[in-house]
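Remarks on the structure that follows.
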Amino acid sequence: MSDDADADGLERTGGEPPEPTGAETVEAYDEDDGVVFYDAENPLAWLRTTLTVRLSEQV
1 MSDDADADGL ERTGGEPPEP TGAETVEAYD EDDGVVFYDA ENPLAWLRTT LTVRLSEQV
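Numbering-wise (the UniProt record's numbering), the sequence shown opens with residue 1 and increments by one.
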């Protein structure tokens, strides 16, 4: 392990954290009463919401 490993033991190579695997294929579209997020590579994997929350409010 090198000196640039974080507390989680994973090495980082730049200032930006790595993007989660699969996030690059997530797309979204608006409906009258909400937003639908889906995986463009697997359109059966979707999530629909009518409520927006901040991640900091959920932790």
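The C-beta atom is built at its ideal place from N, Cα and C for all residues, glycine as well.
Shortest alpha-carbon distance to residue i belongs to which of the options?
i          : options                           : result
Val-35     : Val-53, Arg-48, Ser-56 and Gly-15 : Arg-48
Thr-50     : Gln-58, Ala-23, Asp-30 and Asp-39 : Asp-30
Trp-46     : Val-53, Thr-52, Arg-54 and Phe-37 : Phe-37
Asp-39     : Glu-57, Gln-58, Glu-24 and Glu-16 : Glu-24
Leu-44     : Asp-33, Glu-27 and Glu-16         : Glu-27
residue 81 : Thr-52, Asn-42 and Glu-16         : No statement about residue 81 is possible, as the shown extent of the chain runs from 1 to 59 and does not include it.
In this structure, what does DSSP give as the bridge partners for residue i?
i      : result
Asp-33 : Paired residues: none, contrary to the question.
Ala-28 : Phe-37
Can you give me the start and stop residues for the beta strand (DSSP E) that residue i sits inside?
i      : result
Arg-48 : 42–49
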